[in-house]
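Enquirer: For reference, the structure I am asking about is given below.
Protein chains: 2
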Amino acid sequence: MPKIVDHDQRREEIALSVMKAVAKFGLERVKLEHVAQEAKCTTGLLMHFYPNKKAMLNAAMEIVVTALGERYEAAVNEPDLVEGLSSVLPLDTERKREWKVWLSYWGGAPFKPQDRSRTHAFYNKNHVWIRNLLELAVERGEISAGIDIDAAADHLVGLTDGIGIRATLDPSAWPAEAQIEYIESYVKLLK
Amino acid sequence: MPKIVDHDQRREEIALSVMKAVAKFGLERVKLEHVAQEAKCTTGLLMHFYPNKKAMLNAAMEIVVTALGERYEAAVNEPDLVEGLSSVLPLDTERKREWKVWLSYWGGAPFKPQDRSRTHAFYNKNHVWIRNLLELAVERGEISAGIDIDAAADHLVGLTDGIGIRATLDPSAWPAEAQIEYIESYVKLLK
Chain G
28 MPKIVDHDQR REEIALSVMK AVAKFGLERV KLEHVAQEAK CTTGLLMHFY PNKKAMLNAA
88 MEIVVTALGE RYEAAVNEPD LVEGLSSVLP LDTERKREWK VWLSYWGGAP FKPQDRSRTH
148 AFYNKNHVWI RNLLELAVER GEISAGIDID AAADHLVGLT DGIGIRATLD PSAWPAEAQI
208 EYIESYVKLL K
Chain R
28 MPKIVDHDQR REEIALSVMK AVAKFGLERV KLEHVAQEAK CTTGLLMHFY PNKKAMLNAA
88 MEIVVTALGE RYEAAVNEPD LVEGLSSVLP LDTERKREWK VWLSYWGGAP FKPQDRSRTH
148 AFYNKNHVWI RNLLELAVER GEISAGIDID AAADHLVGLT DGIGIRATLD PSAWPAEAQI
208 EYIESYVKLL K
């Protein structure tokens, strides 16, 4: 009897393996063999799901962007602004992996004009996600109603990238608590 | 009569050519031939100055870090905090090039443990440079004496990286004036 395989589920598992391999070796250096090793399959099977390396790397980036969106959307239910904003930082293994994929993507993006519109759209979304969290915090009286909410959202987009980079490149200097305190010290300026 | 060549000057010119080639193609993709084309010399001559690709790329990063340090040091004489802080942003061709080298470096750094201590030392310096500018601004009465100066310096390290990345990846959305306004809107919170 043939084995029943859920094609979509396998596809998703492989995309996750791509992400793990990219987080280990970087976008430019990762090889099909690395992904196959993570996915415990042959490179032939990989090609069946993703016809080329580019398609695989795009799948990895999609996982990262989707995870980020889900974290910000979940943060809407978080009663504390700092907790919500910090939920996307490289606080644990999974999120550290996502940040490595980010940095790796950024490393190549300025040299690929086709990545620009994707980046533009992403940052616009990022602004809106953070803006929503700030609006909720104003409603709760957690931060001042008098702040320039768009400026603050833009600051937080930059601060998140800034601290995410430092914590990824210099993890021993930035344990999870230090990253959260970093966001907290900015939020204090909005009170 | 043999041509008199200033070896150090030639070395510096070649390092600048490395930087230009890296800014065009990215650290991972740049080839000896690209550098030779920029430097208008043979790949053989290149190898005479830098024995391997790694040595060349290190020279490019050194140029970027040196330029950054010089900009922050010059900013000490700048009577306006926002101008001083903004002087390292990707405001023109030269600085855009430096940021592309940065991003390219970051793309590979999480995968090279030997880059970590270099990154750590760099960010500590960066903190001190910005802290100095903030102290001068407090003395001038440009910002409040009551601010947490270390927290603000850390915010500005992150904001600089954050806006530098966005402006490099999405240059049409972030012309020079918009980048400066970004820093200005944060500085307002320190008044």
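Chains G and R, in that order, give the protein sequences.
Going left to right, the first sequence walks through residues 28 to 218 as the working numbering numbers them.
Going left to right, the second sequence walks through residues 28 to 218 as the working numbering numbers them.
All C-beta atoms, glycine included, are put in the ideal place defined by N, C-alpha and C.
Does the structure place the segment 114-130 of chain G close enough to the segment 116-127 of chain R that three or more beta carbon pairs sit under 8 Å?
Expert: Result no; under three Cβ-Cβ pairs closer than 8 Å.
Enquirer: Going straight from the alpha carbon of MET88 (chain G) to that of GLU208 (chain G), what length do you get?
Expert: One C-alpha to the other measures close to 28 Å.
Enquirer: Given that GLU55 (chain R) touches chain G, what residues does it touch there, using C-beta distances under 9 Å?
Expert: Those are GLY53, LEU54, GLU55, ARG56, GLY134 and GLY135, listed as they occur along chain G.
Enquirer: Using the beta-carbon of each residue, which ones in chain R are nearer than 8 Å to ASP197 (chain G)?
Expert: Those within 8 Å of ASP197 (chain G) in chain R are ARG143, THR146, HIS147 and TYR150.
Enquirer: Which chain R residues sit within Cβ distance under 7 Å of GLY189 (chain G)?
Expert: Those are VAL184, GLY185, LEU186, ASP188 and GLY189, listed as they occur along chain R.
Enquirer: Could you spell out where the alpha helix (DSSP H) holding TRP129 (chain G) opens and where it closes?
Expert: Taken as a continuous stretch (DSSP letters only), the alpha helix (DSSP H) holding TRP129 (chain G) covers 120-135.
Enquirer: Give the straight-line distance between the Cα atoms of ALA179 (chain R) and LEU112 (chain R), rounded to the nearest whole angstrom.
Expert: Cα to Cα, the separation comes out at about 12 Å.
Enquirer: Whose C-beta lies closer than 7 Å to the C-beta of VAL62 (chain G) among residues of the same chain, with five residues either side of it excluded?
Expert: Around VAL62 (chain G): SER44, VAL45, ALA48, LEU73 and MET83.
Enquirer: Do you know how far the Cα of ASP33 (chain G) is from the Cα of GLY191 (chain R)?
Expert: So the alpha carbons of these two residues sit roughly 43 Å apart.
Enquirer: According to the Cβ coordinates, are LEU108 (chain G) and LEU163 (chain G) closer than 9 Å?
Expert: Going by C-beta atoms, LEU108 (chain G) is nearer than 9 Å to LEU163 (chain G).
Enquirer: Does the segment 181-189 of chain R come close enough to the segment 199-214 of chain R that 3 or more CB-CB pairs lie under 8 Å?
Expert: With a cut-off of 8 Å, the segment 181-189 of chain R and the segment 199-214 of chain R count as touching, because enough Cβ pairs lie within range.
Enquirer: In terms of residues, what are the limits of the alpha helix (DSSP H) holding ALA86 (chain G)?
Expert: Per DSSP, ALA86 (chain G) belongs to the alpha helix (DSSP H) from 80-102.
Enquirer: Is the distance from the Cβ of HIS154 (chain G) to the Cβ of ASP175 (chain G) below 9 Å?
Expert: No; because the gap between Cβ atoms is not below 9 Å, this pair is not in contact.
Enquirer: From the DSSP output, in three-state form, read off ARG56 (chain G) for me.
Expert: The answer is coil: DSSP assigns ARG56 (chain G) none of H, G, I, E or B.
Enquirer: In terms of residues, what are the limits of the alpha helix (DSSP H) holding PHE76 (chain R)?
Expert: From DSSP, the alpha helix (DSSP H) with PHE76 (chain R) extends over 70-76.
Enquirer: Counting beta carbon pairs with one atom in the segment 141-159 of chain R and one in the segment 140-152 of chain G, are three or more of them shorter than 8 Å?
Expert: Segments in contact, no.
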